[in-house]
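Enquirer:
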Ligand code: F6R
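In UniProt numbering, the protein residues as written are 1 to 612.
1) What do you reckon, is the C-beta of residue 383 under 7 Å from a heavy atom of ligand 1?
2) Determine the extent of the alpha helix (DSSP H) in which residue 165 is found, giving its start and end residues.
3) If you drop the 5 nearest sequence neighbours on each side, which residues of the same chain put their C-beta closer than 7 Å to that of residue 459?
4) Looking at residue 651 and ligand 1, is the gap between the Cβ and the nearest heavy atom below 7 Å?
5) Please find out if some non-hydrogen atom of ligand 1 comes closer than 7 Å to the beta-carbon of residue 352.
6) Any heavy atom of ligand 1 within a distance shorter than 7 Å of the CB on residue 359?
7) For residue 218, which residues does DSSP report across the bridge?
8) Using a Cβ cut-off of 8 Å (strictly closer), state whether residue 193 contacts chain B.
9) Once DSSP output is grouped into helix, strand and coil, what is the label at residue 500?
10) What are the start and end residues of each continuous beta strand (DSSP E) run of 3 or more residues lying completely inside the UniProt domain "SIS" (461 to 602), in chain order?
11) Give the single residue among 351, 406 and 512 whose Cα lies nearest to the Cα of residue 381.
12) Please classify residue 239: does DSSP put it in a helix, a strand, or coil?
13) Using DSSP's beta-bridge definition, name the partner residues of residue 47.
14) On the premise that residue 413 lies in contact with residue 389, defined as a C-beta separation below 8 Å, what is that separation, rounded to the nearest angstrom?
15) Is any heavy atom of ligand 1 found at a distance shorter than 7 Å from the C-beta of residue 448?
16) Quick one, are the C-beta atoms of residue 300 and residue 345 less than 8 Å apart?
17) If I follow the unbroken alpha helix (DSSP H) through residue 298, where does it start and stop?
18) Check whether the segment 566 to 579 and the segment 501 to 519 are in contact - that is, three or more C-beta pairs closer than 8 Å.
19) Return the CA-CA distance between residue 28 and residue 75, expressed in angstroms with no decimal places.
20) Ligand 1 and residue 304: does the residue's C-beta get closer than 7 Å to at least one heavy atom of that ligand?
21) Thinking just about the alpha-carbon of each residue, which of 387, 148, 609 and 430 is nearest to the one in residue 173?
22) Look at the Cβ atom of residue 244, then the Cβ atom of residue 202, and state whether they are nearer than 8 Å.
23) Starting from the C-beta of residue 231, find all residues in its chain whose C-beta is less than 8 Å away, skip the five residues before and the five after it, and write them out in chain order.
24) To the nearest angstrom, how far is the alpha carbon of residue 212 from that of residue 560?
25) Enumerated in chain order, which unbroken segments of the alpha helix (DSSP H) with a length of 4 residues or greater are wholly contained in the segment 109 to 158?
26) Which residue or residues does DSSP assign as beta-bridge partners of residue 90?
27) Taking 7 Å as the cut-off, is the CB of residue 278 close to at least one heavy atom of ligand 1?
28) Tell me, to the nearest whole angstrom, how far the beta carbon of residue 198 is from that of residue 313; I am working on the premise that it is less than 8 Å.
29) Is residue 311 buried or exposed, if buried means 16 or more other CB atoms sit within 10 Å of its CB?
30) For residue 487, count neighbouring Cβ atoms within 10 angstroms of its own Cβ and tell me buried if that reaches 16, exposed if not.
31) Hey, is residue 363 close to ligand 1, as in C-beta under 7 Å from one of its heavy atoms?
32) Going by CA-CA distance only, name the one from 63, 50, 4 and 30 that's closest to residue 15.
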């Protein structure tokens, strides 16, 4: 999870490195650090500081105009606490080589013991520092060739890593490597970049190169050479980034999260774009080469966190429209059991980043068991789509806030598109039913817009709940995973106890939590649903025990008296979570602001969870 950036070119390197770190800070913010090459053969300039990037910037009172190559790191701590000494970069004992790392080196203890025997002095508790010492020995053994040294070292490492290294004997060179963690190259004119994600260099170049598993990249201002670990030269896939720097800016909003909530109508429209033919058929060319999907006897969705909730919601549409049984499982649980997958099981992974380690490992596990894997992903060229048999990209644009909002909404859209694709091709739905549902999907951007335009009373009401100690969320059917999502958002943003329950489960235990004034947010099924009355009874049950109830209901649904009401537009029931979740996002956002928490960078979290 850590953010990594490197620059080599004519500019004073500190500027693009710090700009990159600002854009990557969402990946981790326990500490930050930079290393710059100075004069050939001299010690590197290094500064690193515990805490957010601002702490590091406060220490940097020189622009280092003569340093044209450098690396920077923003950390989400795994091995060793968030201290100055554990902050990256980590150095060789002669101060001439610096390394930054994202991931976990699993055999670091053995390596460290061996290196200490050889006389290396360690100054941190990290797994990364072993790499700095190993590399410095390997550079000597390989006649000063940093890329050859990196290949040799990678062959000794176990675990997952993106590594960047610089050495003062080759001051214009940055060498990187990746295994299971992300690394992309930004190709400029007379300058080149390396980063965990393209947002780090988007204001300098839109040309990028994708790096594969176990590849080493040797970057100078005039060239990029990619090799595998045996030293064979590889031609990386080049691509153009389709969004610009403004997409990765706050654009006048106080927080990225609020901006991203308000971008949801566009994200939905962009994800739907090009998905329908003129005669109202679903067009997902990416799936046309995967006949296994249409003959699947079971679909298994694997994901983590908020993306898992998208899967839980998508299950209803796939089962109802495509008539294929769907199981949804947490990727972290799937990998470590002995799942039964037949050739007739198709796996769908859902991941905004495409880098979540648990999801990646689960996808590999599923493939090793013979299943075809389709990924739903928001990040072009990331690892999970690269390794999948087919990919459907969501077009949410860059999601910077740690809490996922617009990515989730587009993930639900993608599952609905897959459901309709199968139903259309297999004839599980009539053409008129398919075209009716297409109309429903196309109406969603305007409906979300309507919720956002009328959100002011909700925003004010939400702030009024700021002193609550616990909030419960109730839903039934597709409203249940929406309730889980509402609770997750509140936990991660407002740091308060929150739980989502299925309405029917209330009487089996959770109702004991209700006391006078407990806020309960209930998602009401539509008027025509047989579950409306059941949820109305649940609301009465918690009201009778003193709960302070907020009901999210569409504009035609009758609701019990004596509750707060948030109205959303009427929609197909299976698509209702797309609308119902928006007020839940706003509720969590306002509670977080009112309680003074850091909305875009909640404590202890990082956006891309690239460790297991
Ligand atoms: C919560 C949140 C996380 C992510 C989860 C999976 O708001 O953002 O729960 O959904 O870490 O991340 P991706 O989708 O990148 O695999």
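Yeah, the Cβ is synthetic: ideal placement off N, Cα and C, and Gly gets one too. The structure displayed is predicted, hence computed values, not measured ones.
Expert: According to the structure shown:
1) False, no ligand heavy atom lies under 7 Å from that Cβ.
2) Per DSSP, residue 165 belongs to no alpha helix (DSSP H); it is in the beta strand (DSSP E), 159 to 167.
3) Result list for residue 459: 586 and 590, in chain order.
4) Outside the displayed range of the chain (1 to 612) lies residue 651, so it cannot be described from this structure.
5) Indeed, a heavy atom of ligand 1 lies less than 7 Å from the Cβ.
6) A heavy atom of ligand 1 is found nearer than 7 Å to the CB of residue 359.
7) According to DSSP, which records beta bridges pairwise, residue 218 is partnered with 175 and 225.
8) Any reference to chain B falls outside this structure, which holds one protein chain only.
9) In the structure shown, residue 500 sits in a strand (DSSP, three-state: E or B).
10) The qualifying runs are 470 to 475, 497 to 502, 519 to 523, 548 to 554 and 564 to 568.
11) Ranking the options by Cα distance to residue 381, first place goes to 351.
12) Residue state, collapsed to three classes: strand.
13) Within the DSSP secondary-structure output, residue 47 pairs in a beta bridge with 34.
14) Cβ atoms of residue 389 and residue 413 stay farther apart than 8 Å, at about 21 Å.
15) Checking the Cβ of residue 448 against ligand 1 gives no.
16) Taking the C-beta atoms as reference points, residue 345 is found nearer than 8 Å to residue 300.
17) Where residue 298 is concerned, there is no enclosing alpha helix (DSSP H), although the beta strand (DSSP E) it sits in stretches over 298 to 303.
18) No, because fewer than three Cβ pairs between the segment 566 to 579 and the segment 501 to 519 fall closer than 8 Å, the two stretches do not touch.
19) Distance from the CA of residue 28 to the CA of residue 75, rounded to the nearest whole angstrom, comes to 5 Å.
20) Within the cutoff, so yes.
21) 148 is the residue among 387, 148, 609 and 430 whose C-alpha sits nearest the C-alpha of residue 173.
22) Cβ atoms of residue 244 and residue 202: closer than 8 Å.
23) Within the same chain, residue 231 has close Cβ partners 148 and 151.
24) Whole-angstrom Cα-Cα distance: 56 Å.
25) Note on the segment 109 to 158: whole alpha helix (DSSP H) runs with a minimum of 4 residues are 129 to 141 and 146 to 154, in chain order.
26) Residue 90 pairs with 99.
27) No, Cβ of residue 278 sits at least 7 Å from all heavy atoms of ligand 1.
28) About 29 Å separates the two Cβ atoms, so there is no contact after all.
29) Its Cβ being crowded by 16 or more others within 10 Å, residue 311 is buried.
30) That one is buried.
31) With a threshold of 7 Å, the Cβ atom of residue 363 does not count as near ligand 1, since no heavy atom of the ligand is closer than that.
32) Nearest in C-alpha terms to residue 15, of all of 63, 50, 4 and 30, is 63.
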